[in-house]
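S.K.: Mind looking over this structure? Questions follow.
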Amino acid sequence: TFGASGLPPGLKVDAKTGAISGKPTAAKLDKAGNPVPYAVTLSAGNAKGTAKVTVNLLVRPLPAGMVGTFVAPIQRDSLNGDLGGRFDLVVSANGSYSGKLVLGTFSQAFKGALTSTVGSNGASGNVSIQPPGKPAPPPLSLFFDLSANDREVQGSIIEQEHYLPFDGWLNPWSKTSPAEAY
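Mapping of the sequence shown onto this note's numbering: residues 1 to 182, in sequence order.
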């Protein structure tokens, strides 16, 4: 059997295979806000005994340019009845996201967890959305990429062979950083 203690939140170990899976949902930070590693103790055991080893696992927080509210207009297209649309996305510091896609008269909420790689200033997400109708129309695939450097979202909505791109930005205003009146 396999075990792991001290794993970051969002990760788990399979006791039969030893595989660690999931997406970490929190970085461990020191008082200055710098990431510090989690001390993870891994164990493997059988009838002859158990062996343990402690390793350090570093989870880096998302860059500031990827946390917040992103908004993107969607151009008029046959996918939205030539009415246009809107993409709204809220990304939390733990990498989870929620949002809403509006295409003409249709809207659908969605949620998930970002995918990013070490050393990257970007992250991505994808969602499958089923529009209403009978018989059921083909599902829509929603893909988006975030850039911390540009504070931008680029994405696309795909229905079979139909491709509808969109671009948007991180809203710079919030309760803690309000817009100033002139």
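All C-beta atoms, glycine included, are put in the ideal place defined by N, C-alpha and C.
As the structure is a computational prediction, the values presented were derived from the model and not from experiment.
Is it buried or exposed, TYR97, if we count other Cβ atoms within 10 angstroms and call 16 or more buried?
M.R.: The residue you call residue 97 lines up with position 97 of the sequence shown. Its Cβ being crowded by 16 or more others within 10 Å, TYR97 is buried.
S.K.: Sort GLY99, VAL71 and SER107 by Cα distance to GLY81 and report the nearest one.
M.R.: Locating residue 81 in the sequence shown gives position 81, counting from the first residue. Comparing Cα positions, the closest option is SER107.
S.K.: Would you mind reading off the limits of the beta strand (DSSP E) that contains SER141?
M.R.: Within the sequence shown, residue 141 is the residue found at index 141, counting from 1. 140-147 is the extent of the beta strand (DSSP E) around SER141.
S.K.: Does the distance from the C-beta atom of ASN171 to that of GLY84 stay below 8 Å?
M.R.: Stepping through the sequence shown from its first residue, residue 171 is reached at position 171. Stepping through the sequence shown from its first residue, residue 84 is reached at position 84. Cβ distance not < 8 Å, so ASN171 and GLY84 don't count as in contact.
S.K.: Just to check my reading of the structure: PRO35 and PRO24 have Cβ atoms closer than 8 Å, yes? What is that Cβ distance to the nearest angstrom?
M.R.: Within the sequence shown, numbered from 1, the residue matching residue 35 stands at position 35. Within the sequence shown, numbered from 1, the residue matching residue 24 stands at position 24. Actually they do not touch by this definition, with Cβ atoms about 11 Å apart.
S.K.: Just to confirm the assignment: which complete beta strand (DSSP E) runs, minimum length 3, are found wholly within the stretch 64-119?
M.R.: Listed in chain order, they are 68-74, 85-91, 96-103 and 106-113.
S.K.: For GLY10, which residues of its own chain have a beta-carbon under 6 Å away from its beta-carbon, when the five flanking residues on both sides are left out?
M.R.: Along the sequence shown, read from residue 1 onward, the residue named residue 10 stands at position 10. GLY22, LYS23, PRO24 and THR25, listed in sequence order.
S.K.: Per DSSP, what kind of secondary structure is ASN171 in: helix, strand or coil?
M.R.: On the sequence shown, position 171 is the one that residue 171 refers to. In the structure shown, ASN171 sits in coil (DSSP, three-state: anything other than H, G, I, E or B).
S.K.: For ASP150 and TRP173, I'd like the C-alpha separation in whole angstroms.
M.R.: Walking along the sequence shown from the start, residue 150 turns up at place 150. Walking along the sequence shown from the start, residue 173 turns up at place 173. Each residue's Cα considered, the two are about 16 Å apart.
S.K.: So for VAL59, helix, strand or coil by DSSP?
M.R.: Translated into the one-based positions of the sequence shown, residue 59 becomes position 59. Residue state, collapsed to three classes: coil.
S.K.: By DSSP's criteria, GLY45 is part of a beta bridge. Which residues make up the other side?
M.R.: The residue you call residue 45 lines up with position 45 of the sequence shown. GLY45 pairs with THR50.
S.K.: Take PHE110 as the anchor and find which of GLY3, LYS12, SER128 and ASN94 has the nearest alpha-carbon.
M.R.: Within the sequence shown, residue 110 is the residue found at index 110, counting from 1. Closest by alpha carbon: SER128.
S.K.: By how many angstroms is the C-alpha of ASP14 removed from the C-alpha of HIS30?
M.R.: Indexing the sequence shown from 1 puts residue 30 at position 30. Indexing the sequence shown from 1 puts residue 14 at position 14. Just to set this straight, residue 30 is Asp in the shown sequence, not His. Rounded to whole angstroms, ASP30 to ASP14 spans 30 Å at the Cα level.
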